[in-house]
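Asks: Chains as they are written, first to last, in the UniProt record's numbering: chain R, 1 to 208; chain S, 1 to 623; chain V, 1 to 361; chain F, 1 to 110.
Here you go, one structure.
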Ligand code: HEA
Ligand code: HEA
Ligand code: CUA
Ligand SMILES: [Cu+2]
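Here's what the structure looks like:
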């Protein structure tokens, strides 16, 4: 593939992520990978549900005593919005508008960082209360589930940032367009997982 | 062994293999590494059998015995059987579907190196304070209680090699979906391709639970988490579920490709189209699907309650139906055929009764109340060696003979091959048949010794004798390989004369870019169709000769894997207060990995082109 | 060569059948000679399933042998191209339907027995005086020994389970350290002892163990639990109701028994100094001991589950317990006796004392 | 591999049409986003309001499922064609996930 080939919005393919064989393979491979990730998270959810509120005799922590909804709500809003902004970024990618795409991605990254900050704050708060990773099975499973999601957020952000830096001089081409597309799929997937986390962990946790 | 190797210096060949992204060379790497681990696991098996040859034997100590069985099971399943199957998948599947290569050549190489470094890491435990000793299932209460670092080696080693397997699985899925030559519809794919496809899908869904389970184990042992610590609210049975949610599909990951290989062999040497092709495909998918619904049949005695046991018992039995469809389709393939008993065919014929015998004992175990008696007895050992050795190992040996000419352009000696078969086959039945009775007579598995006079002495001795016959068989196979390599007679294209599928249509030695022109597939068994129509070339082309795009070799996969290998030592020793170097090592290892990944990401690696003119001049596979 | 193969196969089948019919295995240990209702049900299930499976194998082997005999290239001709058949729906249906029927035949007893064996409701049943009607034993599996507590009778023993014949005996099973599994092959299928929960099941014992080779049934630990998993055997003594009641009375009568440091018996003296901190000699009480209760030690069949039950066996055990049963919790000789080995005299006396701990006179 | 790059320049008309479609699509995405925000809001409110868990739990699970479907079909473009395999693998994964979670919370536990 010729990286120096110049495109105009008009000659830019309608589905740049799928217009090379590499791109097709990558998109499909990534979807399949997400299938595996789904099962991975399912395992973590199942374990969390089994170990929820379980701890050493006389443990005073429970989902109901710990979780506070306002924080979870704000986090949810940040992440949902970042999902939309990454949709905007892909919209501009397909329009061959590199600048606008990068700009929307920066917004996405900022929202993601906000989410991450709140999550770190939340963990810090719980640890402060004595609810730690090693305190109980509940703690282990909670931090592993939510932490794995957090790790995905970090990876997603790192991916976006690396892509933006790496391509800032290169601009869009058919070699990196699929990469942007996949990073944004990854970001949506992170949001999908979060929807279940806020529902199953936080909301149903508060319900008891 | 390939003709290219000889022209280059030794160092250059090594470097070539360290950096290769060519599926054919990666196949050879898998074959070598897998064989190495098979011999290691086999030697461990021999130690087991020697120890159990007579009552109150003290050939190995109790603790060592547990390490041996654990490493035997783990090595055989993860480091021998799976990689050997990957070897044949890599060698044959891209050719069978008429592809240039797999979808992600770079990842293909990464998958291999991850597997190899994980395997080496696991086996280094022997020299670094003791191997894992909680059985290949590593049940949580025992594995948490196990002193030393054995279990840590197990968890980290499997984690690394498991990542490699997952990558390989995704790679095959995409390859099969996206890289098929024109005309190669799903319902024209050779059965080995189909079974590779379904097995890869099983890998995709079965390995994540193992990954998570192993992380729990690592966290519990190394970072004081409480997943399995019941005093702090944990639950050991979670491990059992996660392990078997992975473990049961795993056995079908192993056996489905074996089924595929046998399907090819039956059709080829019966000179007949595979009987009931579409129902074979259907059965493969159904087995894959049901494989996820039955894991708790390994846990009938755990105390999950009668409802769970009953549901899982009946679900398990259901698997007999699609498997039976396959068995009868094979029988009907040879029925009315024109059977030539070559070495591969001999193995395939040996497979049918052996596997059926192993399968039906599986159904007996599926009957939960009966399994209360059979569970954790030698009956189980007999069952799974019947399906594994009688299914998978026979398939591997068969394919070694069958695909040797495809991979190396040489024919293994047929006579010696048949002698190998006899030793191995007789030894196999001799070893494992009597174990059914040992189990029924009350002998538990995983015992390092047994008291005399409990009625078990004779059968154990018979079993050991059989194992020695098997060992002779394996050694003969190695001898065969060496003789063949020394003789070095080119086998040429379609050496079995009855090849049916595309991989036999390619010239020998296989050019590094595979098909010069992408073939056009005109039906199931497309090579056969062309031959029957008298097409000398054996192929119709879908395109004129044009430039071929090739990926660059890369050393990065090796480095990524090496980094994780190094990091694993850091993680493992970080529990020991006196090993202050552990954290730096962990960081260095991860740094190597991430730096390699970033290097990969920053470079635009676009590969290169073989130009049309070059291809026109090319005669065969030299470059 | 194929002929040789077939012969081997036939031989295998015949051998299998003969072995089967002769009811191989030892009476006190084999699942093929069940001595209780649970084991018998399972044995019948084994026969039923074996019959089905043999049928399957025979059908497969017949088609297989015929195919190989009839369609060898030698017979068919070197250059014949067989008809390329696609498949057959009729056959397809036949070999889907018949296995389903066979499996249904197996599934019915499977499901019903699963529920039957899990029925432990009667455990809770009480008679008019509030005493449990059924005999219940609390089994605790420990590295590498078994403790049997009889909550209703207020007694505890170890290594040797004593049960009455002719009735359902209920078990509460748990593990104290790592997972084990409780299995008496000749009586009935196993149940795991988990660390996280208590499992319940029942067994029935039809036959008094008196007439058996060692006078006991053999029990096994069936879950890998560490180096000495293979040696974690226990024994089962089955008694008639009267004898069982007697035994219980005798056990209860050991109430308050202890070893006296000032005893004239050297064995008792040593025992009181070195052993009583872990080993109780009174059979009255509850479970939870760190070491096997030795109240009925003299009546045992084995030392530590697998060594010969004799004074020599005991001495061997005290001197070499770690080599004999790697990883077990009993301390080494020197650790028991303030860093010194026992004198021969002390050992003899200890052994004699231990052999004298008996409730069956 | 490079030779199958789709390198066709669209006609001006085609291009403008595609642009219009894309704009319309983007407007849909914003609507979808609004629905997601709305569902989230209701879910949190229902829990906060302290209604009966038996009523609320199924409701918020349903909302979660709807949200996820919206993400997949709109944000992740499943509603466009060419996602058959992606759907196949994701649905299989979801099915296995469901079985596993069901097993862990029901018959399998004491
Ligand atoms: C390749 C590996 C492989 C394969 C293919 C199988 C296949 C099967 N297995 Fe096996 N199994 C193992 C590897 C395998 N197994 C291993 C490694 C273990 C032990 C793990 C450990 O604990 O360490 C194990 C343990 C195991 C258990 C647990 C036993 C216990 O520990 O208590 C059970 C219980 O249900 C079981 C059942 C089955 C069944 C029903 C099949 C079926 O798929 C078999 C189906 C095939 C047939 C039935 C034959 C052909 C069919 C016909 C000719 C049609 C007509 C047949 C009938 C009507 C019956 N297996
Ligand atoms: C792919 C899987 C696989 C394979 C192929 C085998 C192959 C064999 N297995 Fe294995 N086995 C398992 C998987 C496998 N096994 C598993 C999962 C367990 C359970 C472990 C556990 O309980 O945790 C087990 C357990 C197991 C046990 C029970 C241990 C116990 O419970 O105490 C026994 C006992 O007989 C046994 C024997 C054998 C034998 C004799 C072979 C033979 O077929 C081996 C044949 C191979 C050889 C004989 C190699 C010979 C090579 C040489 C001698 C060297 C020559 C060298 C050169 C020429 C360089 N195995
Ligand atoms: Cu206790 Cu094995
Ligand atoms: Cu299984």
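Where is the CB? At the ideal position from N, CA and C, for every residue including glycine.
For clarity, every value in this text was computed on a predicted model and none was experimentally measured.
1. Residue 192 of chain V by DSSP, collapsed to three states: which one?
2. Which residues, in order along the segment 159 to 188 of chain R, keep a beta-carbon less than 7 Å from a beta-carbon of chain F?
3. From the beta carbon of residue 21 of chain V, is the nearest beta carbon of chain S less than 8 Å away?
4. Mapping DSSP to helix, strand and coil, what is residue 232 of chain V?
5. At a CB distance below 7 Å, what residues from the segment 235 to 246 of chain S approach chain R? Give them in sequence order.
6. What residue range is occupied by the uninterrupted beta strand (DSSP E) comprising residue 548 of chain S?
7. Tell me which same chain residues have a C-beta within less than 8 Å of the C-beta of residue 118 of chain R, skipping the five on either side of it?
8. Run down chain S in chain order and give the residues with a C-beta less than 7 Å from the C-beta of residue 56 of chain R.
9. Can you name the residues of chain S whose CB is closer than 7 Å to the CB of residue 93 of chain F?
10. Rounded to whole angstroms, how far is the Cβ of residue 341 of chain V from the Cβ of residue 334 of chain V, which I believe are closer than 8 Å?
11. Between the Cα of residue 327 of chain V and those of S:372, S:558, S:66 and S:226, spot the shortest distance and give me the residue it belongs to.
12. Using a beta-carbon distance cut-off of less than 8 Å, what residues from the segment 284 to 299 of chain S approach chain F?
13. Determine whether the beta carbon atoms of residue 146 of chain S and residue 133 of chain S lie at a separation below 8 Å.
14. Where the beta carbon is closer than 6 Å to any heavy atom of ligand 4, which residues qualify, in chain order?
15. Measuring alpha carbon to alpha carbon, tell me which residue in S:194, S:438 and S:403 is nearest residue 284 of chain S.
16. Which of the residues in the segment 223 to 236 of chain V, read from start to end, lie with their CB under 7 Å from any CB of chain S?
17. Go ahead and pull the three-state DSSP assignment for residue 38 of chain R.
18. Report yes if the C-beta distance between residue 432 of chain S and residue 348 of chain S is below 8 Å; otherwise report no.
19. Going by other Cβ atoms of all chains shown within 10 Å of its Cβ, with 16 needed for buried, is residue 27 of chain F buried or exposed?
20. How many angstroms separate the CA atom of residue 603 of chain S from the CA atom of residue 395 of chain S?
21. Taking the beta carbon of residue 583 of chain S as the centre, do at least 16 other beta carbons fall within 10 Å, making it buried, or is it exposed?
22. Suppose you measure from the CA of residue 21 of chain V to the CA of residue 104 of chain V; what does that come to, to the nearest Å?
23. Could you run through the segment 383 to 398 of chain S and flag, in chain order, every residue whose CB is less than 8 Å away from some CB of chain F?
24. Which chain F residues sit within Cβ distance under 8 Å of residue 177 of chain S?
25. My understanding is that residue 218 of chain V touches residue 28 of chain V, with C-beta atoms under 8 Å, so please give their C-beta distance in whole angstroms.
26. What does the Cβ neighbour count give for residue 58 of chain F, buried or exposed, with the cut at 16 atoms within 10 Å?
27. If you follow the beta strand (DSSP E) that residue 165 of chain V is in, where does it begin and where does it stop?
28. Tell me which same chain residues have a C-beta within less than 8 Å of the C-beta of residue 47 of chain F, skipping the five on either side of it?
29. Report buried or exposed for residue 342 of chain S, applying the criterion of at least 16 other Cβ atoms within 10 angstroms of its Cβ.
30. Count the other CB atoms within 10 Å of the CB of residue 195 of chain V; is the residue buried (16 or more) or exposed (fewer)?
31. Grab the span of the alpha helix (DSSP H) containing residue 473 of chain S for me, first residue to last.
32. Could you tell me if the beta carbon of residue 26 of chain V falls within a distance shorter than 7 Å of some heavy atom in ligand 3?
33. Let me know if residue 543 of chain S comes out buried or exposed under the rule of 16 or more other beta-carbons within 10 Å of its beta-carbon.
34. The alpha helix (DSSP H) spanning residue 110 of chain S covers which residue range?
35. Any beta carbon of chain S sitting closer than 8 Å to that of residue 90 of chain F?
Replies: A quick look at the data gives this:
1. What you label residue 192 of chain V is simply residue 192 of the third chain in a count that begins at 1. Three-state DSSP puts residue 192 of chain V in a strand.
2. 174, 185 and 188
3. Within the third chain, the letter at position 21 stands for residue 21 of chain V. With a pLDDT of 49 at residue 21 of chain V, under the threshold of 50, the modelled position of this residue cannot be trusted; read the value that follows with caution. Closer than 8 Å: no.
4. Working through the third chain from its first residue, we reach residue 232 of chain V at position 232. Residue 232 of chain V falls in the coil class under three-state DSSP.
5. 235, 238 and 242
6. Locating residue 548 of chain S in the second chain gives position 548, counting from the first residue. Its beta strand (DSSP E) spans residues 548 to 550.
7. Here residue 118 of chain R refers to the residue found at position 118 when the first chain is read from its first residue. Cβ neighbours of residue 118 of chain R beyond the five flanking positions: 71, 74, 75 and 78.
8. Within the first chain, residue 56 of chain R is the residue found at index 56, counting from 1. Residues of chain S passing the Cβ test: 231, 232 and 233.
9. Translated into the one-based positions of the fourth chain, residue 93 of chain F becomes position 93. Here the neighbours are 205.
10. Residue 341 of chain V sits at position 341 when you count from the first residue of the third chain. Residue 334 of chain V sits at position 334 when you count from the first residue of the third chain. Rounded, the Cβ-Cβ distance is 6 Å, consistent with contact.
11. Taking the first residue of the third chain as position 1, residue 327 of chain V is located at position 327. Closest by alpha carbon: S:66.
12. 292, 293 and 296
13. For this step, residue 146 of chain S is matched to residue 146 along the second chain. For this step, residue 133 of chain S is matched to residue 133 along the second chain. Yes, the pair counts as a contact, with Cβ atoms nearer than the cut-off.
14. S:248, S:251, S:297 and S:298
15. Within the second chain, residue 284 of chain S is the residue found at index 284, counting from 1. Nearest C-alpha to residue 284 of chain S: S:194.
16. 223, 224, 225, 226, 227, 228, 229 and 230
17. Within the first chain, residue 38 of chain R is the residue found at index 38, counting from 1. Three-state result, residue 38 of chain R: helix.
18. Walking along the second chain from the start, residue 432 of chain S turns up at place 432. Walking along the second chain from the start, residue 348 of chain S turns up at place 348. No; because the gap between Cβ atoms is not below 8 Å, this pair is not in contact.
19. Here residue 27 of chain F refers to the residue found at position 27 of the fourth chain. Looking at its Cβ environment, which holds fewer than 16 other Cβ atoms inside 10 Å, residue 27 of chain F is exposed.
20. Indexing the second chain from 1 puts residue 603 of chain S at position 603. Indexing the second chain from 1 puts residue 395 of chain S at position 395. When rounded, the distance between both Cα atoms is 42 Å.
21. The sequence position of residue 583 of chain S within the second chain is 583, counting from 1. Its Cβ having fewer than 16 others within 10 Å, residue 583 of chain S is exposed.
22. Position 21 of the third chain, counting from 1, holds the residue named residue 21 of chain V. Position 104 of the third chain, counting from 1, holds the residue named residue 104 of chain V. At residue 21 of chain V the pLDDT is 49, less than 50, meaning the model places this residue with poor confidence; the figure from the coordinates comes in the next sentence. Whole-angstrom Cα-Cα distance: 26 Å.
23. none
24. Along the second chain, read from residue 1 onward, the residue named residue 177 of chain S stands at position 177. Within chain F, the residues near residue 177 of chain S are 85.
25. Residue numbering aside, residue 218 of chain V sits at position 218 when the third chain is read from its first letter. Residue numbering aside, residue 28 of chain V sits at position 28 when the third chain is read from its first letter. Right, their Cβ atoms sit about 5 Å apart.
26. Walking along the fourth chain from the start, residue 58 of chain F turns up at place 58. Label assigned to residue 58 of chain F: exposed.
27. Reading the third chain from its first residue, position 165 is the one you call residue 165 of chain V. Note, residue 165 of chain V: premise wrong, no beta strand (DSSP E); not H, not E.
28. In the fourth chain, the residue the question calls residue 47 of chain F occupies position 47. Same-chain partners within the cutoff: 56 and 60.
29. In the second chain, counting from the first residue as 1, residue 342 of chain S sits at position 342. Classification of residue 342 of chain S: buried, given that the 10 Å Cβ count is 16 or more.
30. Residue 195 of chain V sits at position 195 when you count from the first residue of the third chain. Buried.
31. One-based indexing of the second chain puts residue 473 of chain S at position 473. 457 to 487 is the extent of the alpha helix (DSSP H) around residue 473 of chain S.
32. The residue labelled residue 26 of chain V in the question sits at position 26 within the third chain. The answer is no for residue 26 of chain V.
33. Residue numbering aside, residue 543 of chain S sits at position 543 when the second chain is read from its first letter. Exposed: under 16 other Cβ atoms inside 10 Å.
34. Position 110 of the second chain holds residue 110 of chain S. Counting along the chain, the alpha helix (DSSP H) containing residue 110 of chain S begins and ends at 105 to 124.
35. If you number the fourth chain from 1, residue 90 of chain F lands on position 90. By this cut-off, residue 90 of chain F is not an interface position.
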